[in-house]
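Colleague: Residue numbers for the sequence shown follow the numbering used here, so the first one is 1 and each next one is one higher. We treat Cβ as the ideally placed atom computed from N, Cα and C, and that holds for glycine. All values derive from a computational prediction rather than experimental measurement. Here it is, the structure, as structure tokens.
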Amino acid sequence: MNRMFFIVTVICLLASNALAVGEPLDIYFVDVGHGNATLFYQPGQCAMLVDAGPAEQGENLRALLERNKIKTLDYMVVTSPAPEYYFGLNIILSDVAIKELSDNGDPGRDSDGFSEYRQLQERIPYSVVAAGDSWQCGDVKVKVLNPPVDIEDSPDKRSRSLALMIGFSRFKMLMMNDLAGRGERELLERQADLQAMVLTVGNHGAGDSTSGQLLARVRPRMAVISAGRDRRLGFPADSVVRRIEEAGVHLYTTSQSGTVHLRVQPNGGARLLRQ
């Protein structure tokens, strides 16, 4: 399913007119078991965390932040109110300050973890973001693709998950986060340009994620799935793994590779490093 991770893999550039930037960007797809957490770190310019994983895996995230000597996050983005996407915040908050917090505005679940999250929303600059919103962290450009501003309240909370396009020089990465099924289909209908070098697979590689149509539109060179080792929920689905590999995409899963570390150079070239 995965190539040996200790081999450094060079990923070819996608064509773009973007200008080169300053320092390289390190992207860590953090091994948080059945959860989601991705750290973007451009030394001296940007530290941004997209999701924080479940509480029981928070120490992995804390150790990564300590190793990189990150004491402040410029941006913290929570893409879904599911516990495996943000409960890890409770573990790192004693060590790391957050300058700005954003999410999709979903009311989430009435639980102790969410109560603490609401308190965090009240303490620091907080914003609800939706499709069309964008910001820049150092040389990292973030564009929100989902949910649409006018989305109706739905029992399918995954359709409200934030989907993000990350840009850094010529490098682009599409983050599907918890988006799959209906939400993925609607994204394909709304968004014209989804092409990216790297795709983070939606909903841990659930069977209704990463359709052939999505792969054809994104045309990724690399895909990453964040999933637990025990596969107790059946993630990633064999059908999804097969679709990705048959499309000729290099696939990595945190369940097999652990934390996946991608370094993007100022010219947009990227390579995997041993973690």
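Please classify THR254 as buried or exposed, where buried requires at least 16 other C-beta atoms within 10 Å of its C-beta.
Modeller: buried
Colleague: Would you give the residue range spanned by the beta strand (DSSP E) that THR253 belongs to?
Modeller: For THR253, the uninterrupted beta strand (DSSP E) run begins and ends at 250–253, by DSSP.
Colleague: I need the straight-line Cα distance from GLN213 to ILE92, nearest angstrom please.
Modeller: 38 Å
Colleague: Could you pull the DSSP bridge partners for THR210 from this structure?
Modeller: Per DSSP, none; premise fails for THR210.
Colleague: Around the C-beta of ILE124, are 16 or more other C-beta atoms found within 10 angstroms, so that it is buried, or is it exposed?
Modeller: exposed
Colleague: Are there three or more Cβ pairs, one per stretch, closer than 8 Å when the region 238–253 is compared with the region 41–56?
Modeller: They do not touch, by the three-pair rule.
Colleague: Is VAL50 near THR79, with beta carbons less than 8 Å apart?
Modeller: For VAL50 and THR79, yes; Cβs fall inside 8 Å.
Colleague: Once the 5 residues before and after TYR126 are set aside, which same chain residues still bring their CB inside 6 Å of it?
Modeller: LEU101
Colleague: Verify whether the separation of the beta carbon atoms of GLY35 and TYR85 is less than 8 Å.
Modeller: yes
Colleague: How is the beta strand (DSSP E) around SER127 delimited, first residue to last?
Modeller: 126–128
Colleague: Mind listing, in chain order, the continuous alpha helix (DSSP H) runs of no fewer than 4 residues lying wholly within the region 128–205?
Modeller: Qualifying alpha helix (DSSP H) stretches, in chain order: 181–190.
Colleague: On a Cα-Cα basis, can you pick out the residue from PHE235, PRO266, ASP156, LEU179 that is closest to LEU164?
Modeller: The closest CA to that of LEU164, considering only PHE235, PRO266, ASP156, LEU179, is found on LEU179.
Colleague: If you reduce the DSSP assignment to three classes, tell me which class GLN42 lands in.
Modeller: strand
Colleague: Comparing C-alpha positions only, which one of PRO148, ALA206, LEU215 sits nearest to ARG190?
Modeller: PRO148
Colleague: Roughly how many angstroms lie between the CA atoms of ASP150 and SER134, to the nearest whole one?
Modeller: In a straight line, the C-alpha of ASP150 is about 17 Å away from that of SER134.
Colleague: Going by the beta-carbon positions, is the gap between LEU65 and ASP103 smaller than 8 Å?
Modeller: Taking 8 Å as the cut-off, the Cβ atoms of LEU65 and ASP103 do not count as close.
Colleague: Exposed or buried, what is VAL128 when buried is set at 16 or more other beta-carbons lying within 10 Å of its beta-carbon?
Modeller: That one is exposed.
Colleague: Mapping the DSSP letters down to three states, classify ILE70 as helix, strand or coil.
Modeller: coil
Colleague: Can you list, in chain order, the residues of its chain whose CB lies under 6 Å from that of GLY268, leaving out five sequence neighbours each side?
Modeller: LEU13, SER169, ARG170, PHE171
Colleague: Secondary structure at PHE5, three-state DSSP: helix, strand or coil?
Modeller: Interpretation of PHE5 is limited by its pLDDT of 38, a score under 50 that renders its predicted location unreliable; the figure taken from the coordinates is listed afterwards. Looking at PHE5 - three-state DSSP - the assignment turns out to be coil, as it is neither helix nor strand.
Colleague: Hey, could you find the ends of the alpha helix (DSSP H) SER239 is sitting in?
Modeller: 238–246
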